[in-house]
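**Student:** One structure is given below, represented as structure tokens, and several questions about it will come after.
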Amino acid sequence: MASVPADSIEVIPDSTPPAAPAPGDSTAVPPDSAAPPPPADSTVVSGAVVPHAGILFGSFSMPASYLDNMLTGWMQGGALSPETILPQLSLTRAKGGRAIMKLSMGHDRYVQNADRTFSLSKWKALVDRFKSVNLDPYIADGTIVGHYLIDEPHRTQRWGGKIISQATIEEMAKHSKQIWPGMTTFVRVVPSWLASAPVNYVHLDAGWTQYERGKGDPAQWVAAEVAAAKSRGLGLTVGMNVLDGGNGSSGIPGYTPGKYAMSASEIRSVGTAMLGPSHACAFIMFTHDLTYFNRSNIKSAMADVSAKAKA
């Protein structure tokens, strides 16, 4: 499989306890900072997708050129700029696909102070670059599913020994809504962590849960997070760590030593479980890898889960 893009870092197990119980929903940082260019061979996907059937089903770091009837949406970050975002959205719309966008670059360093703590002012400045870009038509027609505010705010190891507080997450969502009132706001952290603080979420719309080996029964896992989301009036993006979250049955090495990619059987069973509660607003896999995604058995399993996401 392809290695993790250079603009990514691996999350080291966190030895500093956060202010609230940390969710067991962490993986390596999604390598969303540099979407791969379209391939120069027959693997390019050129077919259109069925417009907006069900919920988005796609992966981190997937270019819009790969959209098809199975992979119906993408999540990107660092590859997006005020100059590149409209061509990406135009192609996505033409294919009937959907997008979740991170507007504050890809790597954490762009929104960190010198001590690696989170800088809200830097984050706002990066988001504000897009004020001059007319995203409204793509929000209105559903091409844009939402704004991915930040990744793993609970991980103190990522943020200079401190969490990005739940109150700060709500402030970030408020800033986004002041610019784009109709755009859904997402944060990649489990709802149980969001619910652990006495914050009234008015502007934040949804949390995120990503399954991998070690989290127990997937149906029970997602049911607990759905309950937490509903308790705070939040939606939920679901997904699974297909490249590094398998139980070893696939025999496909992950990019982290000692870990494995998911098997076709795992993709079907976990994917079905994650979609079971019918509360998901998107399904995003970690992360796009052309070699893995093009395996015939993996593609067949993903197609089965995609069909459930469209239902």
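If you're matching positions, the sequence shown starts at 2 in this note's numbering and goes up one per residue.
Glycine included, C-beta positions come from ideal geometry on N, C-alpha and C.
CB R189 to CB D152, shorter than 8 angstroms?
**Tutor:** Their beta carbons are under 8 angstroms apart, which means R189 touches D152 by this criterion.
**Student:** My understanding is that A54 touches L92, with C-beta atoms under 8 angstroms, so please give their C-beta distance in whole angstroms.
**Tutor:** Not confirmed; about 19 angstroms, so no contact.
**Student:** Determine the direct distance from the alpha carbon of T169 to that of T157, and round the result to whole angstroms.
**Tutor:** If you take the alpha carbons of T157 and T169, they lie about 14 angstroms apart.
**Student:** DSSP on H1, reduced to helix/strand/coil?
**Tutor:** Absent from the model: residue 1. The displayed extent of the chain is 2 to 312, so no value can be given.
**Student:** Let me know the secondary structure DSSP gives Q1 once reduced to three states.
**Tutor:** Summary: the structure shown does not reach residue 1, with the chain confined to residues 2 through 312, and so no result is reported for it.
**Student:** So, is R110 buried or exposed, given that buried needs 16 or more other C-beta atoms within 10 angstroms?
**Tutor:** It counts as exposed.
**Student:** Assign Q221 to one of two classes, buried (16 or more other C-beta atoms within 10 Å of its C-beta) or exposed (fewer than that).
**Tutor:** By the 10 Å Cβ count, Q221 comes out exposed.
**Student:** Quick one: which unbroken beta strand (DSSP E) runs of 3-plus residues sit fully inside the segment 137–183? Chain order, please.
**Tutor:** List check, beta strand (DSSP E) in window: 145–152.
**Student:** For M263, which of helix, strand or coil comes out of DSSP?
**Tutor:** Coil.
**Student:** According to DSSP, is P248 part of a helix, a strand, or is it coil?
**Tutor:** The sequence as given places Asn at residue 248; Pro does not occur at that position. Coil at N248, not helix or strand.
**Student:** Could you check the C-alpha separation between I164 and F119 for me, to the nearest Å?
**Tutor:** Between I164 and F119, the C-alpha separation is close to 8 angstroms.
**Student:** With a threshold of 16 other CB atoms inside 10 Å of the CB of D218, please say whether the residue is buried or exposed.
**Tutor:** Flag for D218 reads exposed.
**Student:** Given this structure, state the Cα-to-Cα distance separating P199 from R233, to the nearest angstrom.
**Tutor:** When rounded, the distance between both Cα atoms is 10 angstroms.
**Student:** Taking the straight line between their C-alpha atoms, what separation do you get for G161 and R117?
**Tutor:** So the alpha carbons of these two residues sit roughly 4 angstroms apart.
**Student:** Beta-carbon separation of L237 and A228 under 8 angstroms?
**Tutor:** Cβ atoms of L237 and A228: not closer than 8 angstroms.
**Student:** How would you call S133, buried or exposed, if buried means at least 16 neighbouring beta carbons within 10 angstroms?
**Tutor:** Answer is exposed; the Cβ neighbour count stays below 16.
**Student:** Taking the alpha carbon of G259 as the point to measure from, which residue in A265, G249, E267 has its own alpha carbon closest?
**Tutor:** Ranking A265, G249, E267 by Cα distance to G259 puts G249 first.
**Student:** Consult DSSP for N242 and reduce its assignment to one of helix, strand or coil.
**Tutor:** Here N242 sits in strand by DSSP.
**Student:** Any idea which residues DSSP pairs I285 with across the strands?
**Tutor:** Paired residue(s): G59, G240.
**Student:** Identify the continuous alpha helix (DSSP H) that holds A99 and give its terminal residues.
**Tutor:** A small fix is needed here, since residue 99 is Arg in this sequence, not Ala. Counting along the chain, R99 falls outside any alpha helix (DSSP H), though it belongs to the beta strand (DSSP E) covering 99–102.
**Student:** Does the beta-carbon of P192 have 16 or more other beta-carbons within 10 angstroms, so that it is buried, or is it exposed?
**Tutor:** With 16 or more Cβ atoms within 10 Å of its Cβ, P192 is classed as buried.
**Student:** What does the alpha-carbon distance come out to for the pair G79 and G98?
**Tutor:** If I take the Cα positions, the gap works out to 20 angstroms.
**Student:** Is it true that the segment 265–279 meets the segment 72–90, where meeting means three or more beta-carbon pairs spaced less than 8 angstroms apart?
**Tutor:** With a cut-off of 8 angstroms, the segment 72–90 and the segment 265–279 do not count as touching, because too few Cβ pairs lie within range.
**Student:** Over the uninterrupted alpha helix (DSSP H) stretch that includes V223, give me the two end residues.
**Tutor:** Per DSSP, V223 belongs to the alpha helix (DSSP H) from 219–232.
**Student:** Taking all protein chains shown into account, do 16 or more other C-beta atoms lie within 10 angstroms of the C-beta of D1, making it buried, or fewer, making it exposed?
**Tutor:** As shown, the chain starts at 2 and ends at 312. That puts residue 1 outside it, with no answer to give.
**Student:** Is it buried or exposed, G247, if we count other Cβ atoms within 10 angstroms and call 16 or more buried?
**Tutor:** Looking at its Cβ environment, which holds 16 or more other Cβ atoms inside 10 Å, G247 is buried.
**Student:** Taking only the alpha-carbon atoms, compute the straight-line gap between M63 and S197 and give it to the nearest angstrom.
**Tutor:** Those two C-alpha atoms are separated by around 32 angstroms.
**Student:** I'd like the span of the beta strand (DSSP E) that includes V188, first residue to last.
**Tutor:** First-last of the beta strand (DSSP E) with V188: 185–189.
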